[in-house]
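Visitor: Residue 1 is where the sequence shown starts when you use UniProt numbering, and the numbers rise one by one after that. Ideal placement from N, C-alpha and C gives every residue a C-beta, glycine not left out. Computed from a predicted model, the values in this text were never measured in an experiment.
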Amino acid sequence: MLVLLPPSEGKASSGRGAPLKPESLSLPGLTAAREAVLTELVELCAGDEDKAREVLGLSEGLRGEVAKNAELRTAGARPAGEIYTGVLYDSLGLASLDTAAKRRASRSLLVFSGLWGAVRVTDRIPSYRCSMGVKLPGLGALGAHWRTPMAAVLPEVAGRGLVLDLRSAAYAAAWKPKGEVAGRTASVRVLHAPTRKVVSHFNKATKGRIVRSLLTSGAEPKGPAELVEALRDLGYIVEAQAPAKSGQSWSLDVLVDEIH
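#1: Using a Cβ-Cβ cutoff of less than 8 Å, which residues in the same chain neighbour Glu229 once the five nearest sequence positions on both sides are dropped?
#2: Counting pairs of beta carbons, one from the region 150-166 and one from the region 3-18, are three or more of them closer than 8 Å?
#3: Which residue's Cα is closest to the Cα of Gly35: Pro19, Gly117, Gly61?
#4: Just the C-alpha distance for Val37 and Gly10, rounded to the nearest angstrom, thanks.
#5: May I have the straight-line CA-CA distance separating Ala141 from Leu115, to the nearest angstrom?
#6: When the distance is taken between beta carbons, is Val42 closer than 8 Å to Ala80?
#7: Buried or exposed for Ala95, please, with buried defined as at least 16 other CB atoms from any protein chain shown within 10 angstroms of its CB.
#8: Does DSSP classify Ala33 as helix, strand or coil?
#9: So for Trp116, helix, strand or coil by DSSP?
#10: Could you spell out where the alpha helix (DSSP H) holding Arg209 opens and where it closes?
#11: Do you know how far the Cα of Arg232 is from the Cα of Ala105?
#12: Closest by CA to Arg212, which one among Ala101, Ala170, Phe112?
#13: Report the residue ranges of all alpha helix (DSSP H) runs contained in full by the region 70-114; include only those spanning at least 4 residues, in chain order.
#14: Mind checking whether the beta-carbon of Leu72 lies closer than 7 Å to any heavy atom of the ligand SAM?
#15: Could you pull out every unbroken alpha helix (DSSP H) segment of at least 4 residues lying fully inside the region 36-64, listed in chain order?
#16: Going by DSSP, what residue range makes up the alpha helix (DSSP H) through Asp253?
What follows is the structure in structure tokens.
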């Protein structure tokens, strides 16, 4: 099973670990594309601060993020699972998983990123600020920048098993499963049952709990249909829509009565 996650906007501090080693990150086929983004982002943020803040879409109160980006090559690095914070990651609670669940997390979780493309939770990265929606002056829109290298790398990473897609729209645009990979991909929405609407906070929290439930239970669904059954066994209310034709993904709605 491969689980595709969005990053968090908020991130923990880099800490005092050894600096980033780009060549040590998982998915080495993305190395050149990562280096291109990293180089331009560092140069942008080491120059005109106001321009950098405008490009990155940062408010006046987030000026410190520009200086942080300027030092990405020398800042300390920590496992991505410790860097990403926020509602989804709080509910996932990687640090409190037992040993077996942590092994499953390191094997199956993939976090998408405007800067790194995608990383494993065990990959050591510094804290940064660069969303997939950013358009860099030289490289252009990051969503478009990542599509070609992602298309070359991700099908192999997906292997032959289930792909559980929990990404937000901006990050889903960087790689869309195609062909037979799409047929074993399940995209999940979380809906407030009484209103049938997505509410951001509990959407993220429930997605974090879903991943935690799968990791701690040891469930290994082989495809979308088996995932539906596994989630129902874990107590979730799931409505599933199988693809109408080949080359399309499954759509799963998880219904939640209470906003947590």
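Guide: If we stick to the structure as given:
#1: Pro221
#2: yes
#3: Just to set this straight, residue 35 is Glu in the shown sequence, not Gly. The shortest C-alpha separation from Glu35 is found at Gly117.
#4: 20 Å
#5: 12 Å
#6: no
#7: By the Cβ neighbour-count rule, Ala95 is exposed, with fewer than 16 other Cβ atoms within 10 Å of its own.
#8: helix
#9: coil
#10: 200-217
#11: 21 Å
#12: Ala101
#13: For the region 70-114, whole alpha helix (DSSP H) runs of length 4 or above, ordered along the chain, are 80-83, 87-92, 99-108.
#14: You won't find the ligand SAM in this model; it holds no ligand whatsoever.
#15: 49-56
#16: From DSSP, Asp253 is part of no alpha helix (DSSP H) but of the beta strand (DSSP E) over 250-256.
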